[in-house]
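Numbering (the numbering used here), first residue to last: 6 to 178.
Written below as structure tokens is the structure these notes are about.
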């Protein structure tokens, strides 16, 4: 993509938006916040649910394996919550220091890490629930199928779109 500087210090690109680095950072931050709102809500509900499971009467009936899966799931849920709330804390602690583009980059990385941890949390929670519900039959296969589905929706389709768009010639003017 050809890029240069036009009037008023604006970035001039062969195609795409005409915005300064700061304007781009502001836009990307607003978009990231919207994405985080969706992910944070789901993670907080899941994590809250996980925290209550140990207090249920049937928890004592779980096998040692299922208790271990539960413990791993809770730790993964906590790590996911930390990663997906991290961008807000990061932004708050560095705001006003004129490093918004770098802040957005780090917040974006934390969000991707949070999505990977969410994938692991979902897989672990599904494994526990399906082991209890199905008494071990099909649980691993169903979880594996769901992990493939999540990876496809969350990572493969975006990567495929990026690849297909990067190999397409730019539109003619």
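For every residue, glycine included, the Cβ atom is placed at its ideal position computed from N, Cα and C.
Residue burial classification, residue i (beta-carbon count within 10 angstroms, cutoff 16)
i           : result
residue 119 : buried
residue 109 : buried
residue 76  : exposed
residue 92  : buried
residue 97  : exposed
residue 74  : buried
residue 53  : exposed
residue 164 : exposed
residue 65  : exposed
residue 145 : exposed
residue 82  : buried
residue 41  : buried
residue 89  : buried
Residue range of the unbroken alpha helix (DSSP H) whose run includes residue i
i          : result
residue 93 : 69-99
residue 48 : 26-58
Any non-hydrogen atom of the ligand ATP within 7 Å of residue i CB
i           : result
residue 136 : Of the ligands one can find in the structure shown there are none, so the ligand ATP has no counterpart to examine.
Nearest-angstrom Cβ-Cβ length linking residue i and residue j, presumed shorter than 8 Å
i           : j           : result
residue 128 : residue 161 : Wrong, their Cβ atoms sit about 16 Å apart, outside the cutoff.
residue 148 : residue 167 : About 28 Å; that fails the 8 Å criterion.
residue 55  : residue 130 : 7 Å
residue 126 : residue 78  : 6 Å
residue 43  : residue 123 : About 11 Å; that fails the 8 Å criterion.
Checklist entry - Which ranges would you report for the alpha helix (DSSP H) in the region 109-163 if only whole runs of at least 4 residues count? => result 144-156
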